[in-house]
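Numbered by this note's numbering, the letters in the sequence shown go through residues 30 to 192 in order.
Positions of the beta carbon are idealized from the N, C-alpha and C atoms, including for glycine.
Only a predicted model underlies this, so the values are computations on that prediction, with no experimental measurement involved.
Heads up: the structure comes next, in structure tokens.
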Amino acid sequence: MATKADFTAEEWNQIRRAPFMAGLAVVAASPSGPFGVVKEMFAVGKMLAEAKAQGSSNDLVKALVADLEVGAREQSAPAELQGKGPDQVKSFAIESCRQAAALIEKKATPEEAQGFKQWLVSVGQRVSEAAKEGGFLGFGGTQVSEQEAATIKELSTALGVKV
């Protein structure tokens, strides 16, 4: 069983930002306007709160949530994203998630790694469902855009998780 102590500070930071990157990939794929983007990014926070309240069965998710609870204010967008377009942001975010998953695969059991990767995909899925795409004043539109669905598939493929 892997714990936070098994990772260097740099590795843990990569893992720690993974849920935010999963959400960011979806947001970048199909920005939902100012209110939609806020709803979508709040969905990441809701997933973290749910993992804390319901108690995840994955010890790495528990450790990550506990760590973020203490230092959530320190989360900010990586400097590498400054001035990047949505496609570049999406690619960077998915690659960041893949790298975090690779770190976990090296030090965790296969079950822990798979659980963490599935959780990351579920974070992206929840973000995609947080705000309607298209429509006018909340009427019409679709819950998950084609671009968001494609990004969830891309994220799950990068992590080796079936959706």
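Proximity to residue i [Cα-Cα], best of the options
| i | options | result |
| --- | --- | --- |
| E69 | P139, A82, A54 | A54 |
| V121 | L184, P139, E134 | In the sequence as presented, Val is not what sits at residue 121; that position holds Phe. Looking at the Cα atoms, L184 is the closest of the given residues. |
| L77 | F49, N42, E177, G189 | F49 |
| A80 | G112, A31, V152 | V152 |
| T32 | G114, K113, C126, I133 | I133 |
| P60 | K135, S125, Q176, R155 | Q176 |
| V150 | A34, G189, A160 | G189 |
Residue i vs residue j beta-carbon contact at 9 Å
| i | j | result |
| --- | --- | --- |
| A38 | V73 | no |
| A47 | A130 | yes |
| R45 | L110 | no |
| K119 | A187 | no |
Cβ neighbours of residue i in the same chain (closer than 7 Å, five flanking residues each side left out)
| i | result |
| --- | --- |
| E158 | Q172, V173 |
| N87 | E141, G144, F145, W148 |
Residue i in three-state terms, based on DSSP
| i | result |
| --- | --- |
| T37 | coil |
| T171 | strand |
| V192 | coil |
| R127 | helix |
Spatial neighbours of residue i in its chain, beta-carbon cut-off 6 Å, leaving aside the 5 residues before and after
| i | result |
| --- | --- |
| Q154 | I181 |
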